[in-house]
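Trainee: Can you read through this structure? Questions will come right after.
Number of protein chains: 2
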Amino acid sequence: MNRHRLASELKRIFPPERLLTGNLERRMYSYDSSFLARFRNYTPDAVVLPRSTEEVAATVKLAARHGIPVIPRGAGSGETCGCLAVRGGIVVDLSSWDAIEEVDVANMQVFVRPGVVHYRLNEYLAAYGLFFPPDPGSTRMCTIGGMVANNSSGLRAVKYGTTEQYVLGLEVVLPDGQVITTGGVNCKALKNVSGLNLSKLFVGSEGILGIITRIRLRVWPRPKARGIAMAVFADLEEAPAAVLDVYRSGILPSGIEILDSSAIRAINMYNPEINLPDAEAILLFEVDGNPAGVEWEGQKIVEVVGKRAISVEWATNPGRMAELWRGRSVVAVAAARLRPDGSRIFAGEDISVPLNKVTEALRRIKELGRQYGVAVVNYGHIGDGNIHTAPVINLENPDEVERANKLADAIHRLAIELGGSTTGEHGVGAVRNQYALDEHGAAVNTMRLIKKALDPANIMNPGKLLPPEGGAGGA
Amino acid sequence: MNRHRLASELKRIFPPERLLTGNLERRMYSYDSSFLARFRNYTPDAVVLPRSTEEVAATVKLAARHGIPVIPRGAGSGETCGCLAVRGGIVVDLSSWDAIEEVDVANMQVFVRPGVVHYRLNEYLAAYGLFFPPDPGSTRMCTIGGMVANNSSGLRAVKYGTTEQYVLGLEVVLPDGQVITTGGVNCKALKNVSGLNLSKLFVGSEGILGIITRIRLRVWPRPKARGIAMAVFADLEEAPAAVLDVYRSGILPSGIEILDSSAIRAINMYNPEINLPDAEAILLFEVDGNPAGVEWEGQKIVEVVGKRAISVEWATNPGRMAELWRGRSVVAVAAARLRPDGSRIFAGEDISVPLNKVTEALRRIKELGRQYGVAVVNYGHIGDGNIHTAPVINLENPDEVERANKLADAIHRLAIELGGSTTGEHGVGAVRNQYALDEHGAAVNTMRLIKKALDPANIMNPGKLLPPEGGAGGA
């Protein structure tokens, strides 16, 4: 079906202000935050902005009739081309469908539409003394629908896990346009083991099995207290060892972040006032809970980590906590300033490795950076082995771009070699599906069987998550 | 294929001591803890006791060739006929394959074979300062494989969630005999979002999608301290309200248990020395964490719950904690002693309801008990709305048996009416699949599509979890 015919069919479903078919409008939907999107033209044939399950279902049914790809999209803050029309089709932009429909305080859960922004949800829940623990760095942009589709997490996954832990049920428009509710049609229970666990299958499925239109999330009581410990290390090896010592002392911090020497240097160049000590690594421990428990854990961290660190400082005062956290909070921006013509790119940016391989991973990523002549800054969630590498390159230089791509590939392969994964929290999309066979082996066939059973015509977000049939190539 | 031919084929795979084909031996595998199994003859055609993935795969391949059902089994402690050969076939008893293969302390995970008993695993992990938090009542019997297949939990699900939260990866023999590893073939990372989340799909799938042969579990640092608060209520309504007050004060106890008046009476009859106060409800709060934090939360619970309860007692002394917990620990046994000719049965025993429906559920279960003339004792995990009802009947009286079945059906329907589920933690098996369409509506079709994609010949544990095609009937 040509674009004009498609537009006229979509006009029967959507009012003009929620149907985008102009060239410029469509072009706005041709990129996300990924490196790959900069070099491709993934412009969709049409964009729709639904505000009801019926509109989503009608769109999917239309697409199914004509074999047109459908690509769900949240804020577009992803780094994997996950929300891009890599094979053309209709982008379903859910970001304006942002109703918080019900906060059920008595049952500790909240019902939202997919477009609700993470930050806004937690602001809203705070009035009830509740919170939704996962906290991605993109909190002020990313949507709950996108978080569910990608099983997002962030700083607090060490203690609080990832989005999947909080998903009690989903309304989903399937690839044939049928609507189902997972976790029980009218269920408001917190615990339920009846049926196959479809909720958890859809979490992290990146839109290849259907479009999530309503989300039932478990929320938790907001902790009353918080504290931050900052530890400075002369020897990189001591940092993961200190993390393990903390775990062994019976403490599960809400987050443990690492800045390696590359990150420390970038932060100090970006803002000399922050003035981080010149060291091989800095660890930041965040602890939350009740005031007495937080203080106990802070003192214990000082005692335990102090045996390996040059210095440890513990703070519960909000001003001092913000100061200790300041380096971490600017690292993503600081990386880009490593060189005046540099841009920080998202490629090989999200590997996870076993905790006992973190040191080796950081060392070898630095070596790979030198080998390919690309500056890299490393930071991340060391508490669960999730390393964010920020390559910094001149985007105008094709040779640097090529070397950056080779570096990203080498980092992904390093992750697999070390018994890790190419992605700890950002997802696969069209940039990491080429590694699926290496990571998952024969399990990829099982994933394909499920995909085919639900979407035999392959219209739901094609070219993502799974490698193409018959090979391990890209999208 | 007749039983003798089957036995001779299985002899090529198993040594004689791990292949059971005698009448008495097979009869031993015809029941679990469910009520239904008492009245059926679900004797398998053969029983095998594998000790390797190869043996399991060879068994499944043999079964697939001949279209014979395969039924995985752990300890047989389930209450749903989940491990019984409701359509004949080969029971795969995994309980003797109980190796704890690796405790990887540095990476906070453990690798086990399916037959490891829960209690033994935690005893083993204690030496490393680690633990696997879910704690079913059947801890001394149930296997980790069974826990994964049923997504088991127990007292501590309020804070620690269910088994699924800890499953990082699985080795699974699929219905065609192929072996896959979910969560990454060689992965030891704690965080991994690449690929469809097959691990979580297999958790709770009750053996209908494959046989779990190896389990990679995340484990946590063992908390250093623990405390128990016991609160006594004159008014049943106040008990769930007190639970919510505790949540609102920012506390997430590791467990919150309820004993209603029926349970209190049963416990005091069973052992007058326990001498629980004659009240409408007793709540037991368990708190764990670090010593200072536990004490803070205990005092807060006394303060908050004290506003609604007749009395609240807080203890951290192990002896006193055990005394406070004593009633709860004997309730399952005590229920059976309500009458001299009585047996406690497992039917309608595991509903979950929204927290704000717990009072109504308890009241109406009592009414239903009166209506059907069946004595019931109610206890359970009120913190997540999971109610364990224990009907007590004379098994020799066919009329009572019939009334008990009607009562169980009414309790299951009540759960759905109240926005809950027929099963909070025990599973579906062959006793609750008749409610799947009422609970899940059109999502049952999606479950069926997945089942058919992986097991087109329906040999893996047929008659369980999903209702039979074309209707909402039983197994």
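These protein sequence lines are chains C and G, in that order.
Count the first sequence with UniProt numbering and you get residues 1 to 475, in order.
Count the second sequence with UniProt numbering and you get residues 1 to 475, in order.
C-beta: ideal position from N, C-alpha, C; glycine also.
When you compare the CB positions of residue 415(C) and residue 351(C), do they come within less than 9 Å of one another, or not?
Mentor: Taking the first residue of the first sequence as 1, we reach residue 415(C) at position 415. Taking the first residue of the first sequence as 1, we reach residue 351(C) at position 351. Result yes, Cβ atoms of residue 415(C) and residue 351(C) sit closer than 9 Å.
Trainee: Starting from residue 327(C), trace the alpha helix (DSSP H) in both directions and tell me its first and last residue.
Mentor: Here residue 327(C) refers to the residue found at position 327 when the first sequence is read from its first residue. Residues 318-336.
Trainee: Short of 8 Å in beta carbon distance, which residues of its chain neighbour residue 343(G), apart from the five on each side in sequence? Order them along the chain.
Mentor: Translated into positions along the second sequence, residue 343(G) becomes position 343. For residue 343(G), where only same-chain residues beyond five positions count, the Cβ hits under 8 Å are 336, 392, 393, 394 and 395.
Trainee: What is the rounded straight-line gap between the Cα of residue 234(G) and the Cα of residue 259(G)?
Mentor: The sequence position of residue 234(G) within the second sequence is 234, counting from 1. The sequence position of residue 259(G) within the second sequence is 259, counting from 1. Near 13 Å, if we compare the C-alpha coordinates of residue 259(G) and residue 234(G).
Trainee: Start and end of the beta strand (DSSP E) containing residue 296(G)?
Mentor: Numbered from its first residue, the second sequence carries residue 296(G) at position 296. No beta strand (DSSP E) contains residue 296(G), which is instead part of the alpha helix (DSSP H) from 291-306.
Trainee: What does the alpha-carbon distance come out to for the pair residue 10(G) and residue 209(G)?
Mentor: Looking up residue 10(G) in the second sequence gives position 10. Looking up residue 209(G) in the second sequence gives position 209. Roughly 22 Å separates the two Cα atoms.
Trainee: Touching or not, the region 11-23 of chain G and the region 139-152 of chain G, by the rule of three or more beta carbon pairs under 8 Å?
Mentor: Segments in contact, no.
Trainee: Taking a cut of 9 Å between CB atoms, which residues from the region 350-365 of chain C lie near chain G?
Mentor: For the region 350-365 of chain C, which is checked against every Cβ of chain G, the residues closer than 9 Å are 350, 351, 352, 353, 354, 355, 356 and 357.
Trainee: Which residues, in order along the region 404-429 of chain G, keep a beta-carbon less than 7 Å from a beta-carbon of chain C?
Mentor: 419, 420, 421, 422, 423, 424, 425, 427 and 428
Trainee: Using beta-carbon positions only, say whether residue 338(G) and residue 265(G) come within less than 9 Å of one another.
Mentor: Taking the second sequence and counting its residues from 1, the one referred to as residue 338(G) is at position 338. Taking the second sequence and counting its residues from 1, the one referred to as residue 265(G) is at position 265. Yes. Within cutoff.
Trainee: Return the first residue and the last residue of the beta strand (DSSP E) that residue 202(G) is part of.
Mentor: Start at 1 with the first residue of the second sequence, and residue 202(G) comes out as number 202. Careful: residue 202(G) lies outside any beta strand (DSSP E), inside the alpha helix (DSSP H) at 198-202.
Trainee: Just the C-alpha distance for residue 390(G) and residue 404(G), rounded to the nearest angstrom, thanks.
Mentor: Residue mapping note: residue 390(G) aligns to position 390 of the second sequence, counting from 1. Residue mapping note: residue 404(G) aligns to position 404 of the second sequence, counting from 1. Annotation: residue 390(G) to residue 404(G) spans about 11 Å, alpha carbon to alpha carbon.
Trainee: Quick check on DSSP: helix, strand or coil for residue 352(C)?
Mentor: Taking the first residue of the first sequence as 1, we reach residue 352(C) at position 352. Strand.
Trainee: Taking the DSSP output, what are the residues bridged to residue 285(C)?
Mentor: Working through the first sequence from its first residue, we reach residue 285(C) at position 285. Bridge partners of residue 285(C): 229(C) and 256(C).
Trainee: Give every residue of the same chain whose Cβ lies closer than 8 Å to the Cβ of residue 277(C), excluding the five residues on either side of it in the sequence, and list them in chain order.
Mentor: By one-based count along the first sequence, residue 277(C) stands at place 277. Once the five neighbours on either side are set aside, the close Cβ partners of residue 277(C) are 232, 264, 310 and 311.
Trainee: Short check: CB of residue 27(C) to CB of residue 96(C), under 9 Å?
Mentor: Locating residue 27(C) in the first sequence gives position 27, where the first residue counts as 1. Locating residue 96(C) in the first sequence gives position 96, where the first residue counts as 1. No, these two residues do not count as a Cβ contact at 9 Å.
Trainee: Go through its chain and collect everything with a Cβ distance to residue 31(G)'s Cβ below 8 Å, but skip five positions before and after it.
Mentor: Taking the second sequence and counting its residues from 1, one reaches residue 31(G) at position 31. Excluding residues within five positions, the ones whose Cβ falls inside 8 Å are 37, 38, 42, 76 and 84.
Trainee: Using the Cβ count rule (16 or more neighbours within 10 Å means buried), how would you classify residue 501(C)?
Mentor: Shown here, chain C extends from 1 to 475; a query on residue 501(C) therefore has no answer.
Trainee: Please classify residue 65(C) as buried or exposed, where buried requires at least 16 neighbouring CB atoms within 10 angstroms.
Mentor: By one-based count along the first sequence, residue 65(C) stands at place 65. Residue 65(C) counts as exposed, since fewer than 16 other C-beta atoms from the protein chains shown sit within 10 angstroms of its C-beta.
Trainee: Using a 10 Å radius around the Cβ and a threshold of 16 neighbouring Cβ atoms, would you call residue 460(G) buried or exposed?
Mentor: Counted from its first residue, the second sequence places residue 460(G) at position 460. With 16 or more Cβ atoms within 10 Å of its Cβ, residue 460(G) is classed as buried.
Trainee: Got a sec: is the Cβ-Cβ distance from residue 462(G) to anything in chain C below 9 Å?
Mentor: Locating residue 462(G) in the second sequence gives position 462, where the first residue counts as 1. No, residue 462(G) does not count as interfacial toward chain C.
Trainee: Measure the alpha-carbon distance for residue 101(G) versus residue 281(C) and round it to whole angstroms.
Mentor: Mapped onto the second sequence, residue 101(G) falls at position 101. Mapped onto the first sequence, residue 281(C) falls at position 281. If you take the alpha carbons of residue 101(G) and residue 281(C), they lie about 34 Å apart.
Trainee: Determine the direct distance from the alpha carbon of residue 254(G) to that of residue 14(G), and round the result to whole angstroms.
Mentor: Position 14 of the second sequence holds residue 14(G). Position 254 of the second sequence holds residue 254(G). Rounded to whole angstroms, residue 14(G) to residue 254(G) spans 44 Å at the Cα level.
Trainee: Quick check on DSSP: helix, strand or coil for residue 372(G)?
Mentor: Within the second sequence, residue 372(G) is the residue found at index 372, counting from 1. Note: residue 372(G) maps to helix in three-state DSSP.
Trainee: Residues in the region 150-182 of chain C with C-beta within 9 Å of chain G's C-beta atoms, listed in sequence order?
Mentor: 150, 151, 152, 153, 157, 158, 161, 162, 164, 165, 172, 174, 178, 179, 180, 181 and 182
Trainee: Within 10 angstroms of the Cβ of residue 194(G), are there 16 or more other Cβ atoms? Answer buried if so, exposed if not.
Mentor: Position 194 of the second sequence, counted from the first residue, corresponds to residue 194(G). Looking at its Cβ environment, which holds 16 or more other Cβ atoms inside 10 Å, residue 194(G) is buried.
Trainee: For the candidate residues 125(G), 191(G) and 153(G), whose alpha-carbon lies nearest to that of residue 137(G)?
Mentor: Residue 137(G) sits at position 137 when you count from the first residue of the second sequence. The residue with the shortest Cα to Cα distance from residue 137(G) is 153(G).
Trainee: So residue 355(G) and residue 385(G) are in contact, right, with Cβ under 8 Å, and what is the actual spacing, rounded?
Mentor: Counting from one through the second sequence, the residue named residue 355(G) turns up at place 355. Counting from one through the second sequence, the residue named residue 385(G) turns up at place 385. The pair is a contact, with the Cβ atoms about 5 Å apart (cut-off 8 Å).
Trainee: Using DSSP with H/G/I as helix, E/B as strand and the rest coil, what is residue 468(G)?
Mentor: Mapped onto the second sequence, residue 468(G) falls at position 468. Note: residue 468(G) maps to coil in three-state DSSP.
Trainee: Does any CB atom of chain C fall closer than 9 Å to the CB of residue 249(G)?
Mentor: Reading the second sequence from its first residue, position 249 is the one you call residue 249(G). Chain C has a Cβ within less than 9 Å of the Cβ of residue 249(G).
Trainee: Would DSSP call residue 134(G) helix, strand or coil?
Mentor: Locating residue 134(G) in the second sequence gives position 134, where the first residue counts as 1. In the structure shown, residue 134(G) sits in coil (DSSP, three-state: anything other than H, G, I, E or B).
Trainee: Closer than 9 Å, Cβ to Cβ, to anything on chain C: give me those residues from the region 270-298 of chain G, in chain order.
Mentor: So the close ones are 289, 290, 291, 292, 293, 294, 295, 296 and 297.
Trainee: Could you check whether the region 196-215 of chain C touches the region 166-184 of chain C, counting it as contact only if at least three pairs of C-beta atoms, one from each stretch, sit closer than 8 Å?
Mentor: yes
Trainee: State the CB to CB distance for the pair residue 178(C) and residue 442(G), rounded to an integer number of angstroms; the pair is presumed to be in contact (CB under 8 Å).
Mentor: Against the first sequence, residue 178(C) aligns to sequence position 178. Against the second sequence, residue 442(G) aligns to sequence position 442. Contact flag correct, Cβ pair sits at about 6 Å.
Trainee: Does residue 431(G) come within less than 9 Å of chain C when only Cβ atoms are used?
Mentor: Taking the second sequence and counting its residues from 1, one reaches residue 431(G) at position 431. Judged by the 9 Å Cβ criterion, residue 431(G) is not in contact with chain C.
Trainee: Using 8 Å for Cβ pairs, my map puts residue 435(C) next to residue 422(C). What's the rounded Cβ distance?
Mentor: As a first step, residue 435(C) must be located in the first sequence, where it is residue number 435. As a first step, residue 422(C) must be located in the first sequence, where it is residue number 422. That belief holds up - the Cβ atoms of residue 435(C) and residue 422(C) are roughly 5 Å apart, short of 8 Å.
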